[in-house]
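Notes to accompany the following structure.
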Amino acid sequence: GAGVSQSPSNKVTEKGKDVELRCDPISGHTALYWYRQSLGQGLEFLIYFQGNSAPDKSGLPSDRFSAERTGGSVSTLTIQRTQQEDSAVYLCASSLTGWADTQYFGPGTRLTVL
Amino acid sequence: AQKVTQAQTEISVVEKEDVTLDCVYETRDTTYYLFWYKQPPSGELVFLIRRNSFDEQNEISGRYSWNFQKSTSSFNFTITASQVVDSAVYFCALSAYNAGNMLTFGGGTRLMVKP
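In order, the protein sequence lines correspond to chains P and X.
Count the first sequence with my numbering and you get residues 1389 to 1502, in order.
Count the second sequence with my numbering and you get residues 44 to 158, in order.
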């Protein structure tokens, strides 16, 4: 079946602009995760959604970052007033249920803030 | 807090050599899962293995094998008879029961297999 998909694959924006990154999880997976991969910080957890429960936002680096998941499926990560330090690859993953299940990753969105 | 350390940042081998990638983890939980992922130059993280804390049996899958030792908090990955296609960055990751649902990743080991 289809894997996790993300769009766009690349995004270049100017400092101060808002960006939206999209993730389509594997069909039937109830858990969805966002991670960020940057040269200096490695792979960092950002946010976790599980079904209709309140998301775990403990990894979001600032209040400029937010995410939502509509209808238990597609998720959008929004970064407001982008800064150069936001430049990174943003990875989305999904798993069948939650904790302990294997997380399958999408191809990522490479964000460059000029 | 949980932590994963991959001390080898870069390893270079010649094709057909065996290579072991080290992974050491820290967690206070007794229930946890360990994972290995491969990130080829294309960038996508590819799942390789998942192991729970109650199963210390070593696992072999083709040229890949994993050695899990709770006594040393290690989960090492060996590639036998390496091939150029094995060139990638390999990540070890940990998910502990009381530490939320996220994966905590090590810094990764870049493996270069030369022909």
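Each residue gets a CB set at the ideal place from its N, CA and C atoms; glycine is no exception.
Point to revise | Beta-carbon separation (whole angstroms), Pro1413 (chain P) vs Ser1482 (chain P), contact threshold 8 Å | key: As a position in the first sequence, residue 1413 (chain P) is number 25, starting the count at 1. As a position in the first sequence, residue 1482 (chain P) is number 94, starting the count at 1. Confirmed, Cβ separation roughly 3 Å.
Exercise for review: Determine, using beta carbons only, whether Phe148 (chain X) and Ala136 (chain X) come nearer to each other than 9 Å.
Suggested key: As a first step, residue 148 (chain X) is located in the second sequence; it is residue number 105 there, counting from the start. As a first step, residue 136 (chain X) is located in the second sequence; it is residue number 93 there, counting from the start. Yes.
Review point. Do the segment 1488-1495 of chain P and the segment 61-73 of chain X touch if we need at least three Cβ pairs shorter than 8 Å?
Key: no
Point to revise | CA nearest to the CA of Phe1433 (chain P), picked from P:Ala1488, P:Thr1500 and P:Cys1480 | key: Against the first sequence, residue 1433 (chain P) aligns to sequence position 45. Nearest of P:Ala1488, P:Thr1500 and P:Cys1480 to Phe1433 (chain P), Cα basis: P:Cys1480.
**Study point:** Residue range of the beta strand (DSSP E) that includes Asp1412 (chain P)
**Key:** Translated into the one-based positions of the first sequence, residue 1412 (chain P) becomes position 24. Run containing Asp1412 (chain P): Val1407 to Asp1412, per the beta strand (DSSP E) assignment.
Check your understanding: Between the segment 119-128 of chain X and the segment 48-55 of chain X, do three or more beta carbon pairs fall short of 8 Å?
Key -> no
Check your understanding: Between the Cα of Gly1447 (chain P) and the Cα atoms of X:Asn144, X:Thr152 and X:Lys59, which residue gives the shortest distance?
Key -> What you label residue 1447 (chain P) is simply residue 59 of the first sequence in a count that begins at 1. Looking at the Cα atoms, X:Asn144 is the closest of the given residues.
Exercise for review: Give a yes or no on whether the minimum CB-CB distance between Ser138 (chain X) and chain P is below 9 Å.
Suggested key: Working through the second sequence from its first residue, we reach residue 138 (chain X) at position 95. Interface residue, yes.
Review point. Quick one: is Ala1390 (chain P) buried, meaning 16 or more other Cβ sit within 10 Å of its Cβ, or exposed?
Key: Numbered from 1 along the first sequence, position 2 holds the residue referred to as residue 1390 (chain P). With fewer than 16 Cβ atoms within 10 Å of its Cβ, Ala1390 (chain P) is classed as exposed.
Point to revise | Min CB distance Phe120 (chain X) to chain P below 9 Å | key: Position 77 of the second sequence holds residue 120 (chain X). Cβ-Cβ to chain P under 9 Å: no for Phe120 (chain X).
Review point. Given that Ser1368 (chain P) touches chain X, what residues does it touch there, using C-beta distances under 9 Å?
Key: The shown model of chain P, from 1389 to 1502, leaves out residue 1368 (chain P), and the question about it has no answer.
Point to revise | Short CB-CB distance (under 9 Å) between Gly1496 (chain P) and chain X | key: In the first sequence, residue 1496 (chain P) corresponds to position 108, counting from 1. Closer than 9 Å to some Cβ of chain X, the Cβ of Gly1496 (chain P) qualifies, so yes.
Point to revise | Residue range of the beta strand (DSSP E) that includes Gln82 (chain X) | key: Residue numbering aside, residue 82 (chain X) sits at position 39 when the second sequence is read from its first letter. Looking at the DSSP string, the run of the beta strand (DSSP E) that includes Gln82 (chain X) is Tyr75 to Gln82.
Exercise for review: Return the chain-ordered list of same chain residues with a C-beta closer than 6 Å to the C-beta of Ser117 (chain X), the five sequence neighbours on each side being excluded.
Suggested key: Reading the second sequence from its first residue, position 74 is the one you call residue 117 (chain X). Only Val67 meet the Cβ criterion.
**Study point:** Among X:Ser104, X:Phe78 and X:Gln126, the one whose alpha carbon lies nearest that of Tyr133 (chain X)
**Key:** For this step, residue 133 (chain X) is matched to residue 90 along the second sequence. That would be X:Phe78, whose Cα lies nearest to the Cα of Tyr133 (chain X).
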